[in-house]
Every structure is written in structure tokens, then in C-alpha cells.
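Chains A and B, in that order, give the protein sequences.
The UniProt record's numbering numbers the first residue of the first sequence as 1 and each following residue consecutively.
The UniProt record's numbering numbers the first residue of the second sequence as 1 and each following residue consecutively.
For each residue, glycine too, the CB sits at the ideal point set by N, CA and C.
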Amino acid sequence: MSSQDTPEENLPAERAADDSEHGAVAVPGEKNPFADPGLPPHEHRIQDIDERAARRSERAVAFMFTLSMLATVAFIASFVAVPVDKSIYVFPLGHISALNFALGMTLGVALFCIGAGAVHWARTLMSDVELADDRHAIEAEPEVRAKVMDDFRQGAKESALGRRKLIRNTMFGALTLVPLSGVVLLRDLGPLPEDKLRHTLWRKGKLLVNMNTDEPLRPSDVAVGSLTFAKPEGLEEHDHDFQNEIAKAALMIVRLQPENIKDKRELEWSHEGIVAYSKICTHVGCPISLYEQQTHHVLCPCHQSTFDLSDGARVIFGPAGHALPQLRIGVNDEGYLEALGDFEEPVGPAFWERG
Amino acid sequence: MKKLSARRRHPLAAVVVLLIALAATGGLYTLFAPADKAKADETAQSLAIDEGKKLYAVGCASCHGTGGQGTTDGPSLVGVGAAAVDFQVATGRMPAQQPGAQVPKKRNIYSQAEIDQLAAYIASLGAGPSVPTENQYNPEGADIAEGGELFRTNCAQCHNFTGKGGALTTGKYAPTLEDVDPKHIYEAMQTGPQNMPSFPDTTLTEKNKKDIIAYLDAVNSDKSESPGGLELGGLGPVSEGLFGWIFGLGGLIAVAVWVAARTAKAKKS
């Protein structure tokens, strides 16, 4: 402990006075009830007194480190030996891949034993004598401060920054321009979506294609109480923009008894009770299709927004702000269901310019 | 006759002859072959219907009406088909114990013969899906990967990705599909029991259904395995994260507290 770290005046009086009685409890005097009581007397561990106990601890620590080594060897061995597709039953984990189980167990044991050995070593064998390390003053010595200021002034003079104005100005210029590269890169966050949020692939005459069979749907395919998902004709799963387009155009088709449809516009836009609604929740855009065929409610799995498909997909519960957009459908000359235009309003969650 | 033979080399002659032959074969077939079979079937069938009607009067009529027309306590059964009866009764859902948000699965008290009679009676009330045959629902050789895709498109929103089930509104729920007979899965898809929408063959073909059953058989049956061990309900990152935070981190804190709480001193104080 150097004198630089602990200036003399910061040391507790008791410590300086008597080191052999280090930790002697100072009874608070009459004058100062808050006097520093100092450290309690040091107590020894069994390992400090009994050499046999110390050797036992040593063996325990060495045993754990050896166990860790063996576990690492077992890890490598099981990586080599256990086949990837072998399955075993382990209570209470159930059927589990033998390889995963072996790797996890051996690596776990290897790491745990290193930690446990280190903790046992530190607690029983390493020195546990209490040490007080007092805080030193934050302020530097006056000479040090004076030297730093001198050095700075000397450096400023030697660089001739004040005299050579050309260097100074060009340096400022370079430093000012460099951050611009970062700003320019922000351009890649764009371009703005323009009207992409307002339009989907649906337009007049596009057939409704069943997602399961990839065949266009006929009204007779859709039974009352059934649920079908459709995509616009011409959109194929390996198209490069499939995900972007289906995220907007995904359609949920159900058939209600026409007399059960309460909303006039919904009835008008349906075909013989077949209604087509956007599958994208108007809250934050989860695919929504937990359809209850008896209540005609559709529930969003993310935040429990509930829409009533028999009443214009009105929101009846939850955080969604808009009804699900309905697609106007009809039947073409060949008897297939077709769209009679795009959605009238933007599908999915609201956005700043939605209006 | 001469006129006819003069036209025997006409380009359409072959087509006309073929049509006449086809019509004759078809006509003769309808005259002879099915007649006997239908007669034999009819007696067995009408017997089954009679027996089914008796069972219906005891077990079902109080809610569904004496003729299956439905009452305020139960929907009409006209046109639900034999598949619906087989599903509802064989899984013990019907007869229902009590009215409520959802009728749960319970022990079935009917024998398969009685269920068949009930199904025959209900099927006689109006046309509906019939009970599938074994080769319709047997998942042997079906495309598991395709079934997984179909399951995630059509079923996973309610039944969870691996068919563990999930909650719906006001006390209703989608039940777990674990250990459900492939036949019952098939019937449920076809008939749409309770609040489940139906997936008729017109929109989800027989092969699609078989693929879905094969997928469930692979991920959600006795023989399916979870390479990672504990599934924690198969709910994904939510339950796994919760487990990690509570038991993983909690365990580490507990060990740290235990280590620090024990004193290594010879003199315990």
C-alpha cells in the first residue's frame, strides 16, 4: 500500500496506532458515538489450523478439476461416437436426441466442475485475511496538474496550429465532411413506399386460387361453415416477390347463410353468402384466421382482436382499429370465383398517411 | 340398311358406334348388377336405421329434437352426415354432459356397432359426408412435409404448430390433437365439429387430409420425439424464455446465494 494511494490523513487512527491488535474493536467514546469501530477480529478456518483438512480441500478441488477433464474427454467421445439420429428416453425430459443429451450433460459437468473447484479453492485454501483498501483523493497533485497544462501548451505551440491556418481549416473541413458518409447511407432506408401500402395484386377479373390445391375456386367448392384460404391467380410460391405480395393479398373465404349477414354492403359484395376478407389483422398485421364457424367470429392470435364476419368484419374486441377489408367477389363466365376489383381500403395495420 | 352401310366409312362412324356401345353397357349395368346389391343393402340398412332411431330417441332427442330437426338446446342434425356422428359419439363428445362454451372429449359409452346404427339413422335424415374408410385416412406413405405446410396454413392458427391445441374466445378452445385417432382427425376436418370450420374435399382434398394426418403422426404421437428434450407445451420462445429466466437464472442466483451464505470459518457464529 503506497503512500500515494492512502494519504496519511485518511488512515483510521486505530490502524496506525497498533497493527498487531489489528481489528480491535473501538468502543464508541462519549464524545463521538459514530467513531469507526474498525474491522472485527480475524477468525481462522479449519484449513488454516489443520493441515489434514487443508489437504482434504486440496484433494476435493483437484477431484473437481479432474472430473471436468474427464467430462471434456467424454464430450469429444460422444461427439464422435453417438449417432445423430439416435433417440433415448430420459426421465423427466422424455424422448430426446441421445447426441444432444450427451453433449449437453458432459459440457455442463465440465464447466460446472471448473467453477465449483475454483469456488472451493478460493473459500478454503486461498488467504482470507481481511484487507481494507482506503479510497484516495480524486484530485491530482498540483505538480501533476501543472505539468499536464505545460505539456498541452507546448504541444499546441509546436504543432503551429494557430500559425498555419491552411492546415487548420482543411482539417476542420475534413472532420466536418466525414460524418456525411453515414448520413448518405441512411438513403438505403428508402425509397418511401409510395402507394404500395394501398394496393394489392387483386384487380377485376383475377380468379381466387385455393392455397391448398392451387386450383381456382368455384362457388360450389365452398360449403357453409368451411374455411378456405386463397391467393390471386398468377402468384406462385417461387416468385421472387411472393412473400411481399401474399402478405397483402392473402384472403380468407367463408360461406355464411345469406340471411345471417347483417351488414348490407357485405351482402352486396358477397356471392351467394361467400365472403372474402383480408387475412391480415388491422392491428399489427398478424395472419388472422382463428375462425369460429358457429359465431362467425375470427380471432387474432397475437393480441386477441376479434372481428365479426357476419357484420362487415366489425371489431368486437381487442386493439384493432379498423374492420377487416372485404374483397368484392363475383363469378365469371366459366363459373369460377373472381375478384371484382382491389380492396377498397389499405389492408393490414394503419400507417401515418392512411387517413 | 344399305343407307347405313354406305356411311360406315364416315369419319364420325367410329364415335357413334363407341357411344352406342357405352350407352348399352351402362344401361345394362344399371339394370342388372347393382339391383341385387341395393336390395340386400336396403334391408340391412333399414334395420340399422331402425336401431339407430331407437338409440337416438334415448340419447340425443332431448336436445336435437325427436326427428333431428334441432331445438334451442342443440343444432339440427339434418345433413350433418354419418362422419359427424361417428366423430362426436366415438370421441365421447356427444351426448353432451351439460351445455356450455364447449363440449369436451370424454369416455365413449357406445359400442362401434351402436355408433354405426346412430350414424345410419342420422345419414338417412339428409345427405352428408359418410364415415371415411381406412385407406382414406391411413397415413402410410403420405407426404409428411407437404402435410406440415398444409397444417400450418389451415390448422396451426388454432391447434398450434405441432397440434398442441390453444385457446379461443369466451371459454372455447381448440383441443390438443395428441393421440387422436386418424379417422377422427379426418372426420373433424370433413365435418367441422362445434366451432371448427369444415375443410371439405372440394377445398382440402383427400390426399391433403392424408398428408396432414401423416404430419401429425410424425410430430404429435407416441413415436414422435423432441430432439431438444422438454417441450414445455410446444409453445415456442415464450414458454422456453420463461423457463430460462425463472429456472435457469433463478438456479444460478440460488447457487450464488447458497455459496455466499455458508461460512468457511472454523468457529461458526
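(request) Count the other C-beta atoms from every protein chain shown that fall within 10 angstroms of the C-beta of LYS37 (chain B), then say buried if there are 16 or more, exposed otherwise. (result) In the second sequence, residue 37 (chain B) corresponds to position 37, counting from 1. Confidence in LYS37 (chain B) is poor, its pLDDT being 48 and thus under 50, which makes the residue's placement unreliable; the coordinate value appears in the next sentence. Its Cβ having fewer than 16 others within 10 Å, LYS37 (chain B) is exposed.
(request) Could you list which residues in chain A have their beta carbon closer than 9 Å to that of LEU230 (chain B), in chain order? (result) Taking the second sequence and counting its residues from 1, the one referred to as residue 230 (chain B) is at position 230. By Cβ distance, chain A contributes PRO92, LEU93, GLY94 and ILE96.
(request) Give every residue of the same chain whose Cβ lies closer than 7 Å to the Cβ of residue 373 (chain A), excluding the five residues on either side of it in the sequence, and list them in chain order. (result) Missing from the structure shown is residue 373 (chain A); chain A here goes from 1 to 355 and no further.
(request) Would you kindly work out how many angstroms separate the C-alpha atoms of TYR110 (chain B) and VAL89 (chain B), rounded to a whole number? (result) Here residue 110 (chain B) corresponds to residue number 110 of the second sequence, with the count starting at 1. Here residue 89 (chain B) corresponds to residue number 89 of the second sequence, with the count starting at 1. When rounded, the distance between both Cα atoms is 7 Å.
(request) Using a cut-off of 7 Å between C-beta atoms, extract the partners of TYR291 (chain A) located in chain B. (result) Counted from its first residue, the first sequence places residue 291 (chain A) at position 291. Simply PRO197.
(request) Give every residue of the same chain whose Cβ lies closer than 6 Å to the Cβ of ASP84 (chain B), excluding the five residues on either side of it in the sequence, and list them in chain order. (result) Here residue 84 (chain B) is taken as the residue at index 84 of the second sequence, counted from 1. One point to set straight first is that residue 84 (chain B) is Ala, not Asp, in the sequence displayed. Contacts found: THR191.
(message) With a threshold of 8 Å, are at least 3 pairs of Cβ atoms found where one atom belongs to the region 178–192 of chain A and the other to the region 325–341 of chain A?
(response) no
(message) Which same chain residues end up closer than 7 Å to SER76 (chain B) when comparing Cβ atoms and leaving out the 5 residues on each side of it in sequence?
(response) Taking the second sequence and counting its residues from 1, the one referred to as residue 76 (chain B) is at position 76. Within the same chain, SER76 (chain B) has close Cβ partners GLY68, GLN69 and GLY70.
(request) Output the distance between the C-alpha atoms of HIS296 (chain A) and THR25 (chain B), rounded to the nearest integer angstrom. (result) Your numbering for residue 296 (chain A) matches position 296 in the first sequence. Your numbering for residue 25 (chain B) matches position 25 in the second sequence. Looking at the two C-alpha atoms, the distance is approximately 49 Å.
(message) At the 7 Å Cβ level, is LYS267 (chain B) part of the contact set with chain A, yes or no?
(response) Indexing the second sequence from 1 puts residue 267 (chain B) at position 267. So, interface residue.
(request) Compute the minimum distance between the beta carbon of VAL144 (chain A) and the heavy atoms of the ligand SAM, and state whether it is under 6 Å. (result) Ligands in the displayed structure: none, and consequently the ligand SAM is not present.
(request) Determine whether the Cβ of PRO301 (chain A) lies closer than 7 Å to any Cβ atom of chain B. (result) If you number the first sequence from 1, residue 301 (chain A) lands on position 301. Chain B contact via Cβ: present.
(request) Please report the residue range of the alpha helix (DSSP H) in which ILE329 (chain A) lies. (result) Taking the first residue of the first sequence as position 1, residue 329 (chain A) is located at position 329. No alpha helix (DSSP H) contains ILE329 (chain A), which is instead part of the beta strand (DSSP E) from 329–331.
(message) Quick check on this structure: which residue in A:GLU141, A:GLY318, A:ILE288 and A:VAL331 has the alpha carbon closest to the alpha carbon of ILE274 (chain A)?
(response) Sequence index remark: in the first sequence, residue 274 (chain A) carries index 274 (1-based). Minimum Cα distance to ILE274 (chain A) is reached at A:VAL331.
(message) Is the separation between the beta-carbon of ALA266 (chain B) and that of HIS44 (chain A) shorter than 7 Å?
(response) Your numbering for residue 266 (chain B) matches position 266 in the second sequence. Your numbering for residue 44 (chain A) matches position 44 in the first sequence. In this structure, HIS44 (chain A) lies closer than 7 Å to ALA266 (chain B) by Cβ.
(request) Could you tell me which residues DSSP puts in a beta bridge with ALA174 (chain B)? (result) Your numbering for residue 174 (chain B) matches position 174 in the second sequence. DSSP output for ALA174 (chain B) lists B:GLY166 as bridge partner(s).
(message) Restricting to Cα atoms, I'd like to know which of B:ILE253, B:GLY236 and B:ILE144 is closest to LYS164 (chain B).
(response) Taking the first residue of the second sequence as 1, we reach residue 164 (chain B) at position 164. It is B:GLY236.
(request) Could you give the DSSP three-state label for PRO179 (chain A): helix, strand or coil? (result) Reading the first sequence from its first residue, position 179 is the one you call residue 179 (chain A). Here PRO179 (chain A) sits in helix by DSSP.
(request) List the DSSP bridge partners of LEU150 (chain B). (result) Sequence index remark: in the second sequence, residue 150 (chain B) carries index 150 (1-based). LEU150 (chain B) pairs with nothing; no bridge assigned.
(request) Excluding the 5 residues preceding and the 5 following THR170 (chain B) in the sequence, name in chain order all residues of the same chain whose CB lies nearer than 8 Å to its CB. (result) Translated into positions along the second sequence, residue 170 (chain B) becomes position 170. Same-chain partners within the cutoff: ALA101.
(request) To the nearest angstrom, report how far apart HIS303 (chain A) and GLY126 (chain B) are at their CA atoms. (result) Taking the first residue of the first sequence as 1, we reach residue 303 (chain A) at position 303. Taking the first residue of the second sequence as 1, we reach residue 126 (chain B) at position 126. Roughly 41 Å separates the two Cα atoms.
(request) Take TYR137 (chain B) and list the residues in its own chain whose beta-carbon comes closer than 8 Å to its own, dropping the five residues that flank it on each side. (result) Working through the second sequence from its first residue, we reach residue 137 (chain B) at position 137. Same-chain partners within the cutoff: PRO182, LYS183, ILE185, TYR186, LYS209, LYS210 and ILE213.
(message) Here's the rule: buried if 16 or more other CB atoms are within 10 angstroms of the residue's CB, otherwise exposed. What is PHE307 (chain A)?
(response) Taking the first residue of the first sequence as position 1, residue 307 (chain A) is located at position 307. Buried.
(request) Could you name the residues of chain B that PHE351 (chain A) contacts, counting a contact when the two beta carbons are closer than 8 Å? (result) Translated into the one-based positions of the first sequence, residue 351 (chain A) becomes position 351. Ordered by position in chain B, no residue passes the 8 Å Cβ test against PHE351 (chain A), which lies about 25 Å from the chain.
(message) Looking at chain B, is there any beta carbon in it that lies within less than 7 Å of the beta carbon of HIS199 (chain A)?
(response) For the purposes of this step, residue 199 (chain A) is taken as the residue at position 199 of the first sequence. It does not: the Cβ of HIS199 (chain A) has no partner Cβ on chain B nearer than 7 Å.
(request) Would you give the residue range spanned by the beta strand (DSSP E) that THR306 (chain A) belongs to? (result) Position 306 of the first sequence, counting from 1, holds the residue named residue 306 (chain A). From DSSP, the beta strand (DSSP E) with THR306 (chain A) extends over 306–308.
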